[in-house]
Each structure stands twice: as C-alpha cells, then as structure tokens.
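Single-structure report; data block below.
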Amino acid sequence: FSFLQERLRHVLGLLLLLHSTNSFYVPGVAPINFHRNDPVEIKAVKLTSSRTQLPYEYYSLPFCQPSKITYKAENLGEVLRGDRIVNTPFQVSMNVEKKCEVLCNFPNKPVTLTVEQSKLIAERIREDYYVHLIADNLPVATRLEFYSNREEEEKKKEKDVQFEHGYRLGFMDGNKFYLHNHLSFILYYHREDVEESQEHTYRVVRFEVIPQSIKLEDLKADEKSMCTLPEATGSAPQEIDPTKENQLLFTYSVHWEESDIKWASRWDTYLTMSDVQIHWFSIINSVVVVFFLSGILSMIIIRTLRKDIANYNKEDDIEDTMEESGWKLVHGDVFRPPQYPMILSSLLGSGIQLFCMILIVIFVAMLGMLSPSSRGALMTTACFLFMFMGVFGGFFAGRLYRTLKGHRWKKGAFCTATLYPGVVFGICFVLNCFIWGKHSSGAVPFPTMVALLCMWFGISLPLVYLGYYFGFRKQPYDNPVRTNQIPRQIPEQRWYMNKFVGILMAGILPFGAMFIELFFIFSAIWENQFYYLFGFLFLVFIILVVSCSQISIVMVYFQLCAEDYRWWWRTFLVSGGSAFYVLIYAVFYFVNKLDIVEFIPSLLYFGYTALMVLSFWLLTGTIGFYAAYMFVRKIYAAVKID
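Its first residue numbered 12, the sequence shown is counted upward by one per residue in our numbering.
This is how it looks when you write it as structure tokens:
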C-alpha cells in the first residue's frame with residue numbers, strides 16, 4: 012500500500028509540473044507598444060456557428076466596408092481553419108474614448124439593406140452565427156455574468172464571469188429577427204513602466220464587446236458622424252424584416268480601462284476553463300486505473316510466462332512423455348508471413364508517421380510554443396511534421412516488408428506514401444466540394460490544395476522512398492525460431508476468440524483512459540473553443556501508449572495459447588479497438604451536444620469524424636502491433652526449441 016502511495020505522490024508531482032507549463036507560453040509575436048492617440052487596428056476574422064460548422068468571411072454580410080479592403084497574408088493553418096483576416100472601418104485610438112460614432116462613410120444617412128441582404132442576415136441570425144474580431148491579435152470576447160448556485164445571501168455579492176468568443180450577430184424573439192447594430196468596445200490597457208522623461212507606453216491586454224440592437228429612430232446622428240445613444244430602458248431593438256428592405260445605422264463606441272494584467276498573461280482570460288477540476292479528477296483517476304491494471308497485467312503475464320518457460324525448458328525425457336500444449340506448439344508457424352504483407356507494412360508505416368507527428372506536436376505545444384496567439388500554428392506544424400516524418404514511416408515499413416519476405420520494394424514504398432494520405436485527401440476533397448457549394452470560407456482554396464499536393468508529392472513521397480530504401484536494405488528483424496515448410500492446422504476457436512469480441516474487449520481500457528480529454532478536444536473542434544491543455548494531453552497520450560501496448564500483449568498471448576498463429580493482422584485490428592469506441596462517442600456527442608440539423612453540416616461532422624477515427628485506429632493499431640511483435644520475439648527466444 013505504501014508503494015501505491017509513493018506512486019501516487021510521483022504522479023501528482025508530475026501533474027503539478029505539467030500544470031505549471033499550461034499557463035506559460037511563448038507568444039506568437041513580440042508585444043506592440045502604443046503611445047496615446049496611436050491607432051489600434053481592429054480586424055475581422057470570420058463568422059462562425061456551431062450549428063452549421065460553416066465559417067463565412069466577414070464581408071459575406073453587408074457590413075460597413077473601409078475604402079480599401081486588404082486581406083492579411085495567412086499561413087496554412089489559418090487557411091484550413093477558414094480564417095480570412097481583413098481590415099474594418101472601426102477607428103480606434105489608444106486611450107481615446109468615443110461616446111458614439113456612425114460607421115459608414117455618409118453621416119446621418121441610414122444604410123439600406125435590400126430584400127436579399129435582409130433575408131441573408133435573418134438566416135445567419137437564425138443559424139446562431141457569431142462574429143469574430145481581433146485588436147492587436149487579441150480576439151474579442153463577450154462577458155457573461157451569472158449567479159452561481161450558492162446560498163441566497165451570497166448571491167447578491169458574488170457573480171460568476173465567463174467569456175464567450177466573439178459576439179452574437181443578433182437574436183430572435185418569437186419569429187422576429189433583431190440585428191446587433193451598435194457595438195460598445197471595452198479595451199483594457201496595461202501602462203508600461205518607463206523613465207520619467209519618456210512618454211508613457213501602453214499595451215492592449217483585453218478586448219471585450221457589448222453588442223446592442225438599437226432602432227434607427229432612437230439613434231440620433233448628426234453631420235459629424237456623431238450619434239447619441241438612447242436611455243437603456245426606453246429603446247427598441249433594430250428589427251430585420253426578411254420580406255422587405257430595411258433601414259438602419261451601424262454605430263460603435265469605445266471605452267478604455269486600465270488593467271493590472273501583464274502583457275504576458277493577457278490570454279489567460281480566454282483560456283481559463285470552468286472545469287479544470289473535472290480534468291484533474293479524470294486524469295488522476297485514469298492514471299491510477301491504468302497503473303493498477305498495468306501492474307496486475309504485468310504480474311499475471313510475467314508469472315504465467317515464467318511458469319510456461321520453466322515447463323517448456325525442463326528435461327527432454329519428461330517432454331517425450333508429456334504432450335506439448337499452449338504457445339510453444341505453434342513455434343514453427345508463429346513467424347509465418349501473413350497475407351497482404353505490403354498493405355500491412357504500408358499501414359504500419361503511416362501509423363509510425365502519425366505517432367512521431369503527434370508526439371512532437373503535443374510535446375512542443377506543451378512547452379508553450381504553439382499557443383493560441385499564433386493563429387493556425389498548430390495545424391501548420393502538424394501538416395509539415397507529417398510530411399517530414401515520412402522518412403521514419405518509410406524506414407519502419409521497408410524493414411518490416413523485408414522481414415515478411417517481400418521483394419517489390421518500390422511498389423511497397425509507393426503504397427506507404429499514398430495509401431493513408433490518399434484516403435485523407437479523397438475524403439477532404441469530397442467534403443471541400445460541398446463547402447465550396449455553400450460559398451463558405453472554410454473551403455480550402457484551389458491554390459492551397461495544389462500547394463498541399465505539391466508538398467505531398469514533393470516532400471513526403473521522396474522522403475518515404477528514401478526511408479523505405481534504407482529500411483529495406485537493412486538486416487530484417489531476426490526471428491528467434493525457424494518457420495516450418497507446411498503450415499500447421501489451427502484448432503477450432505472458442506467464441507470469445509472472435510475478432511470483433513477482441514476489438515470490443517481491447518478497446519475499453521485505452522478509451523477509458525482518454526475519454527474525458529476527448530470531450531474537451533471535441534468541444535474545441537466543434538464549438539469554437541480554445542484548446543490549450545497540452546500538459547494534460549501529453550500525459551493522456553503516454554497513458555494511451557502504455558495501455559494499448561499492454562492490452563495488445565495480453566490479446567496476442569491468449570491467441571497463441573489457443574494455438575492460433577495468425578496474429579499479424581489480428582493484433583493490428585484488435586489494438587485499434589478504441590477507435591471503435593471513439594466512433595460511438597462521436598455519434599453520442601453529435602446527438603446530445605450539438606444541434607446540427609441540416610444535411611451538409613452533418614456530412615462534414617461525420618466526414619471529419621471518419622478521418623479522426625481512421626487516424627486513431629492507425630495510431631493505436633501501430634502501437635499495439637509493435638508491442639506484440641517485441642513480446643512474441645522475446646518469449647520464443649526464451650524457450651529451448653530442438
């Protein structure tokens with residue numbers, strides 16, 4: 012028991028260390044210092060909705076436009092995410108208040124929306140769209156205040172504050188649509204310490220907005236683009252009637268507040284999550300469960316194996332009288348190459364490629380180098396790393412293919428370089444056609460697609476060939492026993508040795524270890540949240556690797572004991588069993604958490620989920636396969652065979 016306590020103390024220490032890395036990050040850009048009256052540029056990123064999963068660019072709706080629209084040059088990750096960062100006509104100066112100002116160029120002349128535009132705005136409001144703006148690379152947030160379920164007396168004092176990313180385009184009341192046409196920006200600055208003779212410098216540390224809907228008649232505008240806001244109680248909201256033309260004014264106000272928040276921790280507001288407690292609990296829970304189970308499994312397997320090996324290695328004369336049984340019987344067939352060795356080695360090569368990529372990405376992100384402030388960095392890094400890890404994928408695939416008595420290495424290398432990426436590209440291309448049809452900014456532009464293809468065939472393919480060539484030339488894995496000429500007959504198997512039962516049994520433990528983390532990853536992908544808990548994710552990944560390896564070893568041991576030596580493909584399939592549970596969880600998440608109703612968003616959800624499940628199956632299958640292969644080589648090397 013004291014040993015367990017010691018183990019727990021180590022784990023908790025590690026967790027605290029990882030948690031401290033969560034709050035630290037290397038920002039994507041150097042801080043910008045502003046002097047008073049310096050312009051602070053406000054840019055628009057996109058419109059998003061968790062109901063349709065289709066992002067649109069800002070000017071897809073008839074907002075006020077500046078005289079010249081300029082788009083920011085974007086990295087690969089931003090393009091794939093559907094960000095289209097563009098300038099806006101908001102005029103904001105550092106530490107300069109604005110009571111109320113009309114946006115569009117012509118003062119006191121309202122904007123007229125055509126019937127088409129009104130229809131479009133009403134539809135976007137019905138689909139629950141949010142608008143995302145940024146100031147000095149900080150995303151805008153809407154403050155939500157609510158009373159938590161505390162005692163009545165405390166209620167009056169304590170409010171819980173949470174932030175929502177972006178602001179709602181508008182709202183519905185009954186069957187009527189209302190547009191948020193007035194934005195009250197609240198910007199917080201941190202005054203930097205300077206020497207007395209110098210002018211004060213300021214840094215933007217928070218960007219909030221309070222969206223309001225105010226009727227045209229209540230906004231009194233004058234010639235100088237100034238306007239006066241009505242009293243809060245007496246104003247009516249600005250209705251958008253989709254059946255006729257609508258007139259309205261777009262207005263905004265700016266308010267500055269000083270803040271104690273340092274520039275380095277300005278992202279904390281966006282990243283504080285309400286349920287870190289669940290995280291701690293779930294991680295400690297899964298760590299304890301996995302350590303406990305792994306301890307039990309290791310003990311059982313080691314004791315059983317020792318007994319087996321001791322029995323098998325006893326004097327020969329006893330063996331003559333005793334009938335052989337168990338896994339030693341199949342020693343002449345256990346390394347017999349399976350069917351389709353080329354496809355098996357190609358899939359495992361892609362699995363190795365994925366494993367290296369995920370390990371490096373999570374590790375680098377845990378050190379804080381891929382923080383949310385460098386937009387799209389995570390995706391860009393993942394894409395490039397997958398391409399460059401082709402060397403390792405090719406090397407392992409080539410060596411395994413040689414071990415499995417394969418001869419056509421060029422065809423094998425081509426298969427490794429194109430099988431998994433080809434499936435991914437195919438699914439993404441089909442989904443992209445649907446997104447194009449919807450004119451969404453989430454559609455990958457044609458030049459980007461060509462660039463990705465060039466990366467695939469110009470970087471990944473040659474690297475896979477290079478790795479495969481060296482892997483194939485290297486000495487094959489040496490198997491400790493010879494394979495017989497004639498394959499042995501396999502006895503009839505019990506019902507629980509069925510492949511599908513194996514998949515169900517093997518998937519539970521790894522899935523249970525990472526199940527809570529999956530919820531946070533899903534909400535980051537589908538509900539536009541920030542995901543930054545890479546310290547947790549790294550730990551979960553280690554747990555996943557350990558549990559996959561152990562389950563795979565146990566399953567292959569049982570299979571060999573049942574005198575079934577066809578373990579190559581089966582281990583690969585069974586170890587990826589947790590991917591099946593991920594699929595079931597994705598369906599559950601879709602039904603319970605998301606209110607997606609239309610066909611195309613549903614298709615997108617299940618298309619991308621299929622890709623995730625496929626990649627996860629390759630990853631876990633590869634981990635399990637290599638663990639089982641090492642195990643099988645070890646146990647047969649320990650037995651004396653005539």
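For each residue, glycine too, the CB sits at the ideal point set by N, CA and C.
In this text the structure is predicted, and so the values were computed from the model without any measurement.
Mapping DSSP to helix, strand and coil, what is residue i?
i, result
"Pro-38", "The predicted position of Pro-38 is uncertain, since its pLDDT is 46 and thus under 50; no value can be drawn from it."
"Trp-578", "coil"
"Ile-80", "coil"
"Tyr-69", "helix"
"Ile-136", "helix"
"Asp-279", "helix"
"Ile-408", "Note on residue identity: the sequence assigns Ala, not Ile, to residue 408. Ala-408: helix per DSSP, three-state reduction."
"Thr-59", "strand"
"Phe-399", "helix"
"Thr-494", "coil"
"Leu-26", "Reliability fails at Leu-26, whose pLDDT of 41 lies under 50, so the model's placement of it is uncertain and no value is given."
"Lys-255", "coil"
"Tyr-640", "helix"
"Ala-454", "coil"
"Pro-383", "coil"
"Thr-99", "coil"
Between the C-alpha atoms of residue i and residue j, what's the straight-line distance to the nearest angstrom?
i, j, result
"Asn-296", "Asp-489", "40 Å"
"Glu-528", "Asn-324", "46 Å"
"Val-345", "Tyr-576", "5 Å"
"Trp-447", "Ala-454", "5 Å"
"Arg-499", "Gly-478", "35 Å"
"Gly-482", "Phe-406", "4 Å"
"Pro-349", "Ala-638", "18 Å"
"Ala-388", "Met-380", "9 Å"
"Arg-95", "Leu-308", "52 Å"
"Gly-267", "Arg-386", "The question names Gly, yet the displayed sequence has Trp at residue 267. Cα-Cα distance, rounded: 25 Å."
"Asn-148", "Lys-416", "56 Å"
"Phe-425", "Gly-401", "12 Å"
"Leu-622", "Thr-414", "30 Å"
"Pro-656", "Arg-419", "The question about residue 656 has no answer, for the chain in this structure spans 12 to 653."
"Asp-233", "Met-368", "59 Å"
"Phe-6", "Leu-629", "This structure cannot settle anything about residue 6, because the visible part of the chain is limited to 12 through 653."
"Tyr-600", "Phe-174", "23 Å"
"Lys-645", "Gln-570", "16 Å"
"Ile-652", "Trp-506", "31 Å"
Could you check if residue i is buried or exposed, using at least 16 other CB atoms within 10 Å of its CB as the buried criterion?
i, result
"Ile-313", "exposed"
"Lys-510", "exposed"
"Tyr-82", "exposed"
"Thr-125", "exposed"
"Arg-317", "exposed"
"Ala-321", "exposed"
"Val-512", "exposed"
"Glu-207", "exposed"
"Phe-468", "exposed"
"Cys-111", "buried"
"Val-659", "Since the first and last residues shown for the chain are 12 and 653, residue 659 lies out of range."
"His-450", "exposed"
Whose C-beta lies closer than 8 Å to the C-beta of residue i among residues of the same chain, with five residues either side of it excluded?
i, result
"Ser-224", "Gly-181, Phe-182, Tyr-189, Leu-190, His-191, Asn-192, His-193, Pro-248 and Gln-249"
Grab me the residues of residue i's own chain with a C-beta within less than 7 Å of its C-beta, minus the 5 sequence neighbours each way, in chain order.
i, result
"Tyr-647", "His-342, Val-345, Pro-491 and Val-492"
"Cys-394", "Leu-87"
"Arg-179", "Tyr-141, His-191 and Pro-222"
"Thr-123", "Glu-256 and Gln-258"
"Cys-115", "Cys-75, Val-122 and Phe-261"
"Arg-202", "His-211, Tyr-213 and Glu-269"
Apart from the five residues on each side of it in sequence, which residues of its chain come closer than 6 Å, Cβ to Cβ, to residue i?
i, result
"Pro-521", "Leu-555, Ser-558, Cys-559 and Ser-589"
"Gly-409", "Tyr-479, Gly-482 and Phe-483"
"Met-525", "Val-551 and Leu-555"
"Pro-42", "Arg-214 and Trp-274"
"Ala-597", "Thr-620"
"Leu-3", "One cannot answer for residue 3 here, as it falls past the ends of the chain, which runs 12 to 653."
Relative to the C-alpha of residue i, which candidate in the options has its C-alpha closest?
i, options, result
"Phe-117", "Ser-384, Met-368, Pro-456 and Met-237", "Met-237"
"Phe-457", "Leu-472, Phe-440, Trp-467 and Lys-449", "Phe-440"
"Val-113", "Glu-210, Ile-53 and Thr-239", "Thr-239"
"Lys-57", "Pro-50, Val-90 and Phe-45", "Val-90"
"Leu-227", "Ser-246, Phe-531 and Ala-84", "Ser-246"
"Gln-561", "Leu-304, Pro-473 and Thr-392", "Leu-304"
"Thr-631", "Pro-150, Gly-618, Ser-563 and Gln-504", "Ser-563"
"Met-377", "Arg-92, Glu-242, Gly-546 and Ile-80", "Gly-546"
"Val-643", "Thr-254, Leu-605, Cys-572 and Tyr-616", "Cys-572"
"Glu-503", "Met-398, Glu-574, Thr-429 and Lys-187", "Glu-574"
"Met-398", "Val-375, Ser-361 and Tyr-412", "Ser-361"
"Ser-78", "Thr-99, Ser-61, Ile-294 and Arg-62", "Thr-99"
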